[in-house]
Amino acid sequence: MMGIDLGALLTQDSAAVYLVGASLLLSVAALVLSSALLLRWGRNRHPPVAEAAIPTYDETRRQVLAEGARAPSPVVGARDAHAAAQRALRSTKGEGVATDRLGTWTPETLRHLLKTELTGAQVIVVSNREPFIHDLEEGGAVKLRAPAGGLVAALDPVMRTCAGTWIAHGSGSADHLTVDAHDRIAVPPDNPSYTLRRVWLSEHEEKHYYYGFSNDGLWPLCHVAFTRPSFNAEDWEVYEAVNKRFADVVVEEARDERPVVLIQDYHFALLPRMIRERLPDAIIITFWHIPWPNAEIFGICPWRERILDGMLGSSVMGFHTQYYCNNFIETVDRFLESRIERDSSAVTFGGHTTHVHAHPISIEWPPASLSRQPPVPASRRAIFDRFNLAPDMKLCVGVERFDYTKGIIDRFRAVEELFKRHPEWIGRMVVLQVAAPSRTALPAYQQCQRECLDFVDELNARYGHEGYQPIHLLNESYGKDEVYGLLRAADLCMVTSLHDGMNLVAKEFVAAREDEQGVLLLSSFAGAAKELPESIIINPYDTCGTADALLRGLTMSPEEQRERMRRMRETVRENNIYRWAGNMLLDGARLRKRHHTANVTARLARQQAARGALSRTALGRTPLGRNVVRLVSMGKGKNVEPSHF
Ligand code: F6P
63 MMGIDLGALL
73 TQDSAAVYLV
83 GASLLLSVAA
93 LVLSSALLLR
103 WGRNRHPPVA
113 EAAIPTYDET
123 RRQVLAEGAR
133 APSPVVGARD
143 AHAAAQRALR
153 STKGEGVATD
163 RLGTWTPETL
173 RHLLKTELTG
183 AQVIVVSNRE
193 PFIHDLEEGG
203 AVKLRAPAGG
213 LVAALDPVMR
223 TCAGTWIAHG
233 SGSADHLTVD
243 AHDRIAVPPD
253 NPSYTLRRVW
263 LSEHEEKHYY
273 YGFSNDGLWP
283 LCHVAFTRPS
293 FNAEDWEVYE
303 AVNKRFADVV
313 VEEARDERPV
323 VLIQDYHFAL
333 LPRMIRERLP
343 DAIIITFWHI
353 PWPNAEIFGI
363 CPWRERILDG
373 MLGSSVMGFH
383 TQYYCNNFIE
393 TVDRFLESRI
403 ERDSSAVTFG
413 GHTTHVHAHP
423 ISIEWPPASL
433 SRQPPVPASR
443 RAIFDRFNLA
453 PDMKLCVGVE
463 RFDYTKGIID
473 RFRAVEELFK
483 RHPEWIGRMV
493 VLQVAAPSRT
503 ALPAYQQCQR
513 ECLDFVDELN
523 ARYGHEGYQP
533 IHLLNESYGK
543 DEVYGLLRAA
553 DLCMVTSLHD
563 GMNLVAKEFV
573 AAREDEQGVL
583 LLSSFAGAAK
593 ELPESIIINP
603 YDTCGTADAL
613 LRGLTMSPEE
623 QRERMRRMRE
633 TVRENNIYRW
643 AGNMLLDGAR
653 LRKRHHTANV
663 TARLARQQAA
673 RGALSRTALG
683 RTPLGRNVVR
693 LVSMGKGKNV
703 EPSHF
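Right, here's the structure in full:
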C-alpha cells in the first residue's frame, strides 16, 4: 500500500494538498461512522452482556426446574435407580404389603415411583393391539372382548396403575360406536382407570402395515422359525405412513412437551424417531416384544438402516433378554455409523444416545383372575366334567395364538412319539390345546393351522377310541378367567415354542398354581427359559427328547413338583409386571435427571463464556472485538448443548 509524503505534497500545488486533506478527513469520518453502525448492529443482534443480569447457578437451576423438570437427586446412574426402587418398595411396605413380600413390586410401588421419580409426567402407551375390543354381534348387541396375546395382558395392569393414555388401533366392529367425539373411551369399562384412544386404519392400511410389513416381514425375520420373510415396497410405504399417523396422535394426546411414551413392539419401529423429532424432550421407551435376530439375519431386510434409525430415536430400547440386546447392538454396529459403549450398553447415533437394556416382561402378581377362581380341585373338576375326562386321566394343556412360531405341531409329534415308545400311556393322558385364531389372512398361518388340524385328526384316529380322544384342539379364543381355570386343572403345561420373545403362558401357569403342583415343559428357545430353569427345559425340534421330557413330567413325584414350582413362583412373584414397568420408568427417570443436569451445565457454560466476553470488553476491547468474543462464546455454548434423551 502506498504511503502519503506530506512534505512532498507541501511543495506541490496547494489545491492538491487540500484535496488530500479533505479525503483524509472523509476517511476518518467514515471509519467513525462505520464503527458506530457496527456497534449498533452488534447490540441489536446480541444485547451487551452488561445490560443483561447474569443469573447465578441457583437461578439457572430454578429456571430449568420451572421449565418442567423436577429437582434432580444428587447422584445419577444405576445405583441411583436401584436406591429409588428400594425407597419405593420400602415406602409401600406399610400399605398392606406383607413383610414376606417386601421386595415384591406391587401397583402401590409403581404408583409411588411415578409420584416420586417422574412427578407429573404423563404416561402414553402406543401399541397396535388395543386392550379392549368392542364387537358387534348378530342382533346388534355390543360385546366386549379381551384380545389374546401377552402384550395387552402385561400392560393393562400397568396402565390401570399409571392412569395414562393408551393409543392403539381400533379393530373391533363396534369400536366406533363406543368412543367419544375424540375417539377416546375410558377403560376398563367396569372400573375406568385410564383412557384408550383409538386410531382407525383402512383395510388397505391393515393389509400392508399389519399383515404385510409387520407380520409377513418383521415377524418371520425376528423369529428363527424357518419361515421366509417377505418384503415389498408397498407394505413398507404403508407401514411408514401408519407410523406417521400414530406419531400425529401421540403429539395430539401429549399434554406437554415432556411425556413418557412407552412404544410397544415391531409394528412401530419408525415411531420413536418420528416422535423424537416433534417432542425432543419426551422420554421414549420402546419395548420389542419379540426376539431380535443376529446381524446377518436382520441384514436381509431392505430397509434395515431406516428401521434401526427409527428405533434409535428412543431414550431406552428394551428387549426381553441380554442376548437380544447384544444382537441389536451388533446389528447397529454392522449397519450404522455410530458410537457404541458396550460397558453401559449405549448407542450414540446422530448425536443422540439410546440405552439398550434387558427388561424381561412378566405378569401381574397375583393375577386378578385368580380371585375369581374356585380352589384348585374345583377348577380341575370343572374342566374334567366339561371334557368328560376320567378322574385319573393326566391332563396336559397348551394355550397360545395359532402361530407357527409356537411349535404346536411339534408338541403333538412328541405325544405321538410317547405313544409309540410307551403305549401304556394311550388312554391315560390327554392334551387340551387352546389355539386362538390369529392373523388368519396370512398363508403361513393358514398352512400352520391346516397341518395341525390334519395331524390331530390322524393321531386321534390312530390312538383314540370310544370315549377317548388324545388331543382336543380348541381353535378358539379363551378369556383370561377361562385360561386360568384350565391352567389350574392341568398336570402339565406344554410351552414348545420354536422361538419366542418371552412367553407369558409359562409364567401364568406358575402363577395359577398356588397348590405348588404341576409340571412346566418349556422350550429353551423361549425367553422365559432364562428365568425358569426349574421347569423341564426341552428342544422342540428334538421329538424324542421332548417325548422323554413329557414322560418325565407325567411321572414326576408331587414332592419334586412342589420343589420346582415353589422356586418358579418365587421368581415370577419377584419379577412381576410392576417390576418390569417400574424398572423401565426408572430408566426414564434417570435419563430425565441426566438431561436436567446437562441442561444446567450447558447453560452455565454459556454464561461463563459470556462473563469472559464481558471482562474482555471491560478491559477496553473494541466493539468489533467484543462481538467476535461473543460469537465465539455462543459457538461454544452450542457445542455443549446436551443431546436429547
Ligand atoms: O408376541 C408378539 C405380539 O405382538 C405380542 O406383543 C402380542 O401380544 C401378540 O403378538 C399378539 O399379536 P396380534 O396383536 O397380532 O394378535
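In this text, residue positions in the sequence shown follow our numbering: the first is 63, and each later residue adds one.
Idealized CB from N, CA, C, for every residue including glycine.
ask   = Would you report the Cα separation of tyrosine 119 and glutamate 319, rounded to the nearest angstrom?
value = Taking the sequence shown and counting its residues from 1, the one referred to as residue 119 is at position 57. Taking the sequence shown and counting its residues from 1, the one referred to as residue 319 is at position 257. Residue placement at tyrosine 119 is flagged as unreliable, the pLDDT there being 35, under the threshold of 50; the coordinate-derived value follows with that caveat. Approximately 24 Å, taken between the alpha carbons.
message = On the DSSP bridge list, what partners appear for histidine 527?
response = As a first step, residue 527 must be located in the sequence shown, where it is residue number 465. According to DSSP, which records beta bridges pairwise, histidine 527 is partnered with Tyr530.
message = What would DSSP say about aspartate 197, mapped onto helix, strand or coil?
response = Position 135 of the sequence shown, counted from the first residue, corresponds to residue 197. DSSP places aspartate 197 in strand when its eight states are reduced to three.
ask   = For histidine 657, is the beta carbon positioned less than 7 Å from some heavy atom of ligand 1?
value = Stepping through the sequence shown from its first residue, residue 657 is reached at position 595. False, no ligand heavy atom lies under 7 Å from that Cβ.
ask   = Excluding sequence positions up to five away, which residues of its chain have a Cβ less than 8 Å from the Cβ of aspartate 709?
value = Given a span of 63 to 707 for the chain in the structure shown, any question on residue 709 remains unanswerable.
request  = Pull up the CB-CB distance for glycine 375 and proline 334, whole angstroms please, since I reckon it's below 8 Å.
outcome  = Start at 1 with the first residue of the sequence shown, and residue 375 comes out as number 313. Start at 1 with the first residue of the sequence shown, and residue 334 comes out as number 272. About 4 Å; that satisfies the 8 Å criterion.
ask   = Mapping DSSP to helix, strand and coil, what is arginine 307?
value = Indexing the sequence shown from 1 puts residue 307 at position 245. Of the three classes helix, strand and coil, the one that applies to arginine 307 here is helix, per DSSP.
ask   = Tell me, which residues are paired with valine 492 by DSSP?
value = The count along the sequence shown starts at 1 and reaches residue 492 at position 430. Answer is Leu457.
request  = Label threonine 348 either buried or exposed according to how many other C-beta atoms from any shown protein chain fall within 10 Å of its C-beta, with 16 as the threshold for buried.
outcome  = As a first step, residue 348 is located in the sequence shown; it is residue number 286 there, counting from the start. Label assigned to threonine 348: buried.
ask   = Should asparagine 190 be counted as a contact of ligand 1 given a C-beta to heavy atom distance under 7 Å?
value = Here residue 190 refers to the residue found at position 128 of the sequence shown. Flag set: Cβ of asparagine 190 near ligand 1.
message = Comparing C-alpha positions only, which one of Arg665, Leu666, Leu648 and Gln670 sits nearest to arginine 149?
response = Within the sequence shown, numbered from 1, the residue matching residue 149 stands at position 87. Checking every option, the nearest Cα to that of arginine 149 belongs to Leu648.
query = Since alanine 574 contacts leucine 432 with CB under 8 Å, what's their CB separation in whole angstroms?
reply = In the sequence shown, the residue the question calls residue 574 occupies position 512. In the sequence shown, the residue the question calls residue 432 occupies position 370. Contact flag correct, Cβ pair sits at about 7 Å.
task = Compute the Euclidean distance between the alpha carbons of glycine 674 and glutamate 179, then round it to the nearest angstrom.
result = Here residue 674 is taken as the residue at index 612 of the sequence shown, counted from 1. Here residue 179 is taken as the residue at index 117 of the sequence shown, counted from 1. Answer to the nearest angstrom: the Cα atoms are 37 Å apart.
message = Mapping the DSSP letters down to three states, classify tyrosine 540 as helix, strand or coil.
response = Here residue 540 refers to the residue found at position 478 of the sequence shown. Of the three classes helix, strand and coil, the one that applies to tyrosine 540 here is coil, per DSSP.
message = With the cut-off set at 8 Å, would you say alanine 420 and histidine 382 are in Cβ contact?
response = The residue you call residue 420 lines up with position 358 of the sequence shown. The residue you call residue 382 lines up with position 320 of the sequence shown. Cβ distance < 8 Å, so alanine 420 and histidine 382 count as in contact.
Leucine 81 - DSSP class collapsed to helix/strand/coil = Here the question's residue 81 lines up with position 19 in the sequence shown. Bear in mind that a pLDDT of 42 at leucine 81, under 50, signals an unreliable position, so the number given afterwards is only what the model happens to contain. If DSSP states are grouped into helix, strand and coil, leucine 81 belongs with the helices.
ask   = If you check the beta carbons only, do isoleucine 391 and phenylalanine 474 fall under 8 Å apart?
value = Counting from one through the sequence shown, the residue named residue 391 turns up at place 329. Counting from one through the sequence shown, the residue named residue 474 turns up at place 412. No.
message = Could you tell me the alpha carbon to alpha carbon distance between asparagine 661 and leucine 582, rounded to whole angstroms?
response = One-based indexing of the sequence shown puts residue 661 at position 599. One-based indexing of the sequence shown puts residue 582 at position 520. Looking at the two C-alpha atoms, the distance is approximately 51 Å.
For phenylalanine 474, the first and last residue of its enclosing alpha helix (DSSP H) = Residue 474 sits at position 412 when you count from the first residue of the sequence shown. Residues 470-483.
message = Mapping the DSSP letters down to three states, classify histidine 417 as helix, strand or coil.
response = Working through the sequence shown from its first residue, we reach residue 417 at position 355. Histidine 417 falls in the strand class under three-state DSSP.
query = Should alanine 585 and methionine 630 be called a contact, given that it needs their Cβ atoms to be closer than 8 Å?
reply = Along the sequence shown, read from residue 1 onward, the residue named residue 585 stands at position 523. Along the sequence shown, read from residue 1 onward, the residue named residue 630 stands at position 568. At residue 585 the sequence reads serine, which differs from the alanine that was named. Contact: no.
query = Any idea if proline 620 is buried or exposed, counting beta-carbon neighbours within 10 angstroms, 16 or more meaning buried?
reply = Numbered from its first residue, the sequence shown carries residue 620 at position 558. Classification of proline 620: exposed, given that the 10 Å Cβ count is below 16.
Delimiting residues of the alpha helix (DSSP H) encompassing methionine 618 = Here residue 618 corresponds to residue number 556 of the sequence shown, with the count starting at 1. Premise fails: methionine 618 is in no alpha helix (DSSP H) and is neither H nor E.
query = Quick one: what's got a C-beta closer than 8 Å to valine 214's C-beta in the same chain, skipping five residues either side?
reply = Your numbering for residue 214 matches position 152 in the sequence shown. For valine 214, where only same-chain residues beyond five positions count, the Cβ hits under 8 Å are Ser189, Arg191, Glu192, Pro193 and Ala208.
request  = Use the C-beta contact count for phenylalanine 288: other C-beta atoms within 10 angstroms, 16 or more gives buried, fewer gives exposed.
outcome  = Working through the sequence shown from its first residue, we reach residue 288 at position 226. Phenylalanine 288 comes out exposed.
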